[in-house]
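S.K.: For the working numbering, add 12 to where a residue sits in the sequence shown, where the first one is 1. Beta carbons: idealized from backbone N, C-alpha and C, even for Gly.
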Amino acid sequence: LANIAIALLFYPVSQFGGILRLIGYMGFKINAWLAAFNLLPLPPLDGWKVFSYSLKAWIALMAIAALMVLLPL
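Here is the structure:
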């Protein structure tokens with residue numbers, strides 16, 4: 013959840029021009045990718061804990077993270 017929040021903080025920065033656009037874009041994409049990776053349902057990752065706790069919550073968070081990774085800026 014932290015990586016999703018950080019990615020959302022970088023999104024408005026990506027709307028500026030110049031170097032700020034690059035910083036915002038990279039910050040958004042890196043954190044979106046990290047969120048999706050950490051949500052994989054494998055035992056050492058956080059995704060396993062969320063998956064074990066609530067399948068609906070895991071599906072919702074994974075959908076958000078996947079959309080953020082695939083979103084063209």
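#1: Does the distance from the C-beta atom of Ala72 to that of Asn43 stay below 8 Å?
#2: Less than 7 Å between C-beta atoms, sequence neighbours within five positions excluded: which residues of the same chain meet that for Trp60?
#3: So Phe49 packs on Ser26, CB below 8 Å; how close in whole Å?
#4: Rounded to the nearest angstrom, what separates Ala29 and Phe22 at their Cα positions?
#5: Less than 8 Å between the CB atoms is what I'm expecting for Tyr37 and Leu67, so what's the real figure, rounded?
#6: I need the boundaries of the alpha helix (DSSP H) containing Pro53, first residue and last residue.
M.R.: Straight from the coordinates:
#1: Their beta carbons are not under 8 Å apart, which means Ala72 does not touch Asn43 by this criterion.
#2: If we look at Trp60 and ignore the five residues flanking it on each side, its Cβ neighbours are Pro53 and Leu54.
#3: Between Phe49 and Ser26 a beta carbon distance of about 20 Å is seen, past the 8 Å cut, so the two are scored as non-contacting.
#4: For the record, residue 29 in the displayed sequence is Gly; it is not Ala. If I take the Cα positions, the gap works out to 13 Å.
#5: So it is not a contact: roughly 32 Å between Cβ atoms.
#6: Note, Pro53: premise wrong, no alpha helix (DSSP H); not H, not E.
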